[in-house]
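**Q**
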Amino acid sequence: MKNKSQKKLEQTISRRFLFLSLLKGSIIGTIGWKLFDLQLVENRKYEKLSDNNQFNYRIIAPERGRILDRKMRLLAGNMDGFSLVLNWNKHLNVHQIIENISAIIILNEKDINNFYNKIRYQKNNFSKQILITKNLSQKDVAKLAVRIIEFPEISFSMSKRRVYPQGIIAGHITGYTGPYSKNIENNALHGIDVGKRGLEKFFDAQLRGEFGRKRNEVTSKGYVIDSQIYENTKPGLDIQVSLDMKLQAFAVERLQKGNYDLVFVDSKNIKNQISKLKNFSYVSKNYVYINKKKKVVNPQSGSLIVMDINNGEILCSVSSPGFDPNIFSTDLEVDDWNYVKNNSRSPLLNRSMAGVYPPGSTIKMAVALAALESGIIDYKTRFFCNGSKEVGTSKFHCWAKDGHGNLNLMEAIEQSCDVFFYELGLKVGIDKIALMMKKLGLGQYYDIQIHDRAKGVVPNIEWKLKRDGLNWSLGETLNASIGQGYILTTPLQLVTMVSRIANSKFAVNPSLKMSSENKKFKMLNINNEHLHFIKKAMEKVVVGKKGTARNYKIGSKNIEMAGKTGTVQVVRITELEREQGLIKNEDRPWEKRDHALFVGYAPTINPKYAISVVVEHGGSGSSVAAPIARDVFKHLFKL
Amino acid sequence: MNRNTNKFSSETIITVFFSKLLKINWIIIFCLIFLGLVGVASLYSAAGSDWHPWARNHSIRLIFGFCLMFVIAFIPFQFFMKYSVLSFILGIFALILVKIIGSGSVQRWISFGSINFQPSEIMKLALILILAKYFDHISKIQLNKLIPYIIPILIIMIPGFLVISQPDLGTGLTIILLGLSILFFVGISMKFVIFSILISISSVPFIWQQLYEYQKNRILVFLNPEMDSLGSGYQIIQSKIAIGSGGLFGKGYLLGTQSRLNYLPEKHTDFIFTLISEELGFLGSICIILVFCLLIVSIMKISFKVESLFSKVVAFGIGFLIFLYLSLNIGMVCGLLPVVGAPLPLVSYGGTSLLTVLIGVGMVLSINIHDKKM
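In the order they appear, the protein sequences are chains A and B. Our numbering applies: residue 1 is where the first sequence begins, and numbers increase by one. Our numbering applies: residue 640 is where the second sequence begins, and numbers increase by one.
1. Could you tell me which uninterrupted beta strand (DSSP E) segments, each at least 3 residues in length, are contained entirely in the segment 306-385 of chain A, listed from first to last along the chain?
2. Can you find a CB in chain B that lies within less than 8 Å of the CB of A:Ile130?
3. Starting from B:Phe824, find everything on chain A with Cβ-Cβ shorter than 8 Å and list it in chain order.
4. Mind pulling the chain A residues with CB within less than 9 Å of B:Met971?
5. Taking the runs of the alpha helix (DSSP H) that are 4 residues or longer, which of them lie wholly in the segment 100-152 of chain A?
6. Does the CB of A:Glu42 have a neighbour CB from chain B at under 8 Å?
7. Determine the extent of the beta strand (DSSP E) in which A:Thr567 is found, giving its start and end residues.
8. In chain order, what residues of the same chain have a beta carbon less than 7 Å from the beta carbon of A:Ile376, not counting five sequence neighbours either side?
9. Compare the Cα-Cα distances from B:Ile821 to each of B:Leu963, B:Leu985 and B:Val996 and report the closest residue.
10. Measuring only between beta-carbons, confirm whether A:Lys4 sits less than 8 Å from chain B.
11. Taking the alpha carbon of A:Cys398 as the point to measure from, which residue in A:Ser481, A:Val194 and A:Ala370 has its own alpha carbon closest?
12. Measuring straight from C-alpha to C-alpha, what distance separates A:Lys466 and A:Lys214?
13. Please decide whether A:Asn53 counts as near chain B, where near means a Cβ-Cβ distance under 8 Å.
14. Mind checking whether the beta-carbon of A:Val571 lies closer than 7 Å to any heavy atom of the ligand ADP?
15. Who are the Cβ neighbours of A:Asn186 in its own chain at under 7 Å, not counting the five residues just before and after it?
16. Are the C-beta atoms of A:Thr30 and some chain B residue less than 8 Å apart?
17. Between A:Lys45 and chain B, is any beta-carbon pair separated by less than 8 Å?
18. Under 8 Å by Cβ, that's how I've got A:Ile430 and A:Asn460 pegged, so tell me the actual separation to the nearest angstrom.
19. Could you tell me the distance, in whole angstroms, from the CA atom of B:Phe716 to the CA atom of B:Leu997?
20. Taking 8 Å as the CB-CB cut-off, is A:Leu92 touching chain B?
21. Does the Cβ of B:Ser828 have 16 or more other Cβ atoms within 10 Å, making it buried, or fewer, making it exposed?
22. Run down chain B in chain order and give the residues with a C-beta less than 9 Å from the C-beta of A:Ile119.
23. In terms of residue numbering, what span does the alpha helix (DSSP H) encompassing B:Phe981 cover?
24. Taking only beta-carbon atoms, is A:Val218 less than 8 Å away from chain B?
25. Measure the C-alpha to C-alpha separation of B:Lys662 and B:Lys944 and round it to an integer number of angstroms.
26. Which same chain residues end up closer than 7 Å to A:Ser374 when comparing Cβ atoms and leaving out the 5 residues on each side of it in sequence?
27. So that I know if they touch, is there some Cβ in chain B lying closer than 8 Å to that of A:Lys34?
28. List, in order along the chain, the chain A residues whose C-beta lies closer than 7 Å to that of B:Thr913?
29. Look up A:Arg161 in the DSSP assignment and say whether it is helix, strand or coil.
30. Helix, strand or coil for B:Thr991 per DSSP?
31. So what does DSSP say about B:Gln805, is it helix, strand or coil?
32. Using a Cβ cut-off of 8 Å, which residues of the segment 939-969 of chain B contact any Cβ in chain A, in chain order?
33. Quick one: list the residues of chain A neighbouring B:Lys879, beta-carbon separation under 8 Å, in chain order.
34. What does B:Asn901 touch in chain A if you count any residue whose Cβ is under 8 Å from its own?
35. Could you give the DSSP three-state label for A:His530: helix, strand or coil?
36. Which residues share a DSSP beta bridge with A:Phe55?
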């Protein structure tokens, strides 16, 4: 028999039993609800997080398109390069690993510093690949590969390195590539190069192709256990440009040589001289140029452009001194950079397109055309040159001290008489001259496939008023008439001017693209007879008895060139100096010497190519620039 | 009791054996085998489709545990009653011993050669037994006043705080919760219950000060796992990702990415349920929880049916213990509770909790067989 209290206990226990069962049921229910919430309601969110854990995506760079010249020679291509990569995670003893690697191969100190910087600036602790070095030789790879078992954390990656087989010859045209972003945190785009200058920059979109993506499966420690291509890359397109690298190579050499002589570096005297020069450039490893006085000199600086006058294609575009774009393909060495950056002759400047020079006498065709078009003079109008012209209180000199005597327009161009053009300038006025210059292509940008460019200056009355708030003076017209003073042109503008004169019909524009179809140019709208006359005068410059370039005829039966020389004063010569007798060009310091210019075209019958040569501080246009132009034409026509 | 032995003595051992075997609750056995197999399969997956190192050991332990359970099931439960005090004293002794010679900075284990033994787990069983015996004994005199509860509270608190000081907050609290639930079960007055709940809530700040830094951290991180997404919060975040990404049907057996790529810490022990949730999805997880529920309900049913208070309390205690294991473990991995070390018995890798549950269930089975009301 159960007593009363036991019965009561049994009742209590039953009640409590029920109560506890309900409690347990509700707790289990809560857990079930939580699982429901996590797995069904918020499933998408957690699936995404899980994917983020499982995979990381890396961008794969497509193979960059090549740049080819008109005969399919390679201007820019790709070469296999090997990179060494550390699969970093926070548990690694990085110093130890680097030490061990250094025991096997030699690591560049700069690479190591960069590497440590990257590690130091890790924002989070997520494991990732960090580049150790990009410049691994095949030999290094082999040495490391056999001992790879000791380095489970490192891996190789084959990358494409940009190469420019033409090197220094066409650095300004090809340009170079560089890393996408300076921000080293941007790991996704790490190691992807984009065009930074020149054609590489202009055609970057086409050359680059389309990025692919790689999907890596990674463990929590950051080991990649599986990797597959997620999106395929699309290689970049090849770009063909109108340059002829054979001509370009010849032109570079010819321009840099000028009138110098090539010598082998052997004598003590030469070595001595070299050691005293700063920023000296050899021609090649053991050769240097010497001038007529047997002094070692730098190669000539300047520009040389050859352009097809019918379709505007540029066959060669030289800017000296050049730079080798290959130095930017690997990690830029400090020495290389300092050389191009601090060199007083600024190798990075693309003189052909962004260098501005006073055109000197090469502008005289434009002045003559302006005069003829305005009807102020005709072919027979004569002026007398006694060596100088006085306007107001100033005296303007002709290059020939004793004057040219009485001459007409044809003779004035042939002999490049300054006084004749002073008279013309005074009669025509600066505004009409400026208008003609613009018509011939000066003072404007061209739609050319290189971003570095300059507009130059074609001054007129309004321009001066706007710039200085001053009135135009007659003396300034005289200066402009012989291409001095305010007027500034780029070599590209000069060659375009000559092309338009030679073409006589269309206002051709320069282009580096191959023209698959005939381009449509605007009409030039200059009286053809006048142009014909000017062309005859330019022929006379070369073939005429008194022509300024008479010594540098091509001399072939069928092909002769026509042109115009120009010698540009870079420092003002005072009356005093003139009376004391001029210091010879060669005796002045390099920076104070005259620029030597020549513009021209060939052949004289059915012209095909135009040329402009600028030799910086080279001396006189007739003795320095004209022979260069002649030799380039000879090469071009295979004479 | 005497009648019992007399009756059995007239029969052969074999018939005794078979009659006992027939009385075994086969639903419970089914649940245990099912859960054990789930454990083996999950550990096989956790090791990356490998029997080594966990799945094989777990199988061996399961077999050993099952044998032990059957042996215990055939022992009349009066035997446990007799030795309950002794087992409790031995348990306390072991807990003190572990404080002195325990291995590792966290003194939870006693090592016998290669076998690590965790006395705090066995303590749970001893506690159930001694409380059952105490109340069984006391009920024959009186029960209702508060005085008889003083001794059991001491019995609960001594091992409880010994374990907490190991330090093992999770197990310690489990022991205390288990003990208190038994007090509640046998009818401690509601007033007292409400009073002690108020006391314990008001003592939270003092307990907080007593906690170790890592324990405080765990609780803080539980409240806001993103606070330390790479440190202590990492576990719970990754665990939730694994569970959540499982979805309805899961990623497939052996295909859980979170576990395969090692984003789940402790995936073979306390976080094994995460792996199951990831690979088998909501359906799989619920299925396992339901089997646990079935096990608990079956044990509770026995507790409800049996005659003596001792049997009632023991069965209830074992059932509640399994419930505590289950809810603490799953509550922890799905972010409902802070991360306290709480295994999922039979499934997660670890011998002591497995043995505790199997021995416990063995006693329940024995009660089921030997209680005369059945």
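From the three backbone atoms N, C-alpha and C, an ideal C-beta is built for every residue, glycine too. The structure presented is a predicted model; accordingly, all values stated were derived computationally and were not measured.
**A** Let me lay it out:
1. 314-320 and 382-385
2. no
3. Residues of chain A passing the Cβ test: Ile13, Arg16, Phe17 and Leu20.
4. By Cβ distance, chain A contributes nothing, its closest Cβ being about 10 Å from B:Met971, past 9 Å.
5. 109-120 and 138-145
6. yes
7. Start and end: Ala562 to Val568.
8. Cβ neighbours of A:Ile376 beyond the five flanking positions: Lys427 and Val428.
9. The option with the nearest alpha carbon to B:Ile821 is B:Leu963.
10. no
11. A:Ser481
12. Looking at the two C-alpha atoms, the distance is approximately 58 Å.
13. yes
14. Of ligands this structure carries none, so the ligand ADP is not represented either.
15. Any reading at A:Asn186 needs caution, since the residue's pLDDT is 49, under 50, leaving its predicted position unreliable; the model's value is listed next. Counting only Cβ-Cβ distances below 7 Å, and skipping sequence neighbours, we find nothing.
16. yes
17. yes
18. Confirmed, Cβ separation roughly 5 Å.
19. B:Phe716 and B:Leu997: Cα-Cα distance of roughly 15 Å.
20. no
21. exposed
22. At a beta-carbon threshold of 9 Å, none of the residues of chain B lie near A:Ile119; the nearest stands roughly 17 Å away.
23. One point to set straight first is that residue 981 of chain B is Ala, not Phe, in the sequence displayed. Premise fails: B:Ala981 is in no alpha helix (DSSP H) and is neither H nor E.
24. At least one beta carbon of chain B lies nearer than 8 Å to the beta carbon of A:Val218.
25. Spanning the two alpha carbons is a distance of roughly 14 Å.
26. Val428 and Lys432
27. yes
28. Per Cβ cutoff of 7 Å: no residues; B:Thr913 is ~10 Å from chain A at best.
29. strand
30. helix
31. coil
32. Met939, Ser942, Phe943, Leu948, Lys951, Phe955, Phe959, Phe962, Leu965, Ser966 and Ile969
33. Neighbours of B:Lys879 across chain A, judged by C-beta separation under 8 Å: Leu38 and Tyr46.
34. Thr219, Ser220 and Lys221
35. helix
36. Answer is A:Glu217.
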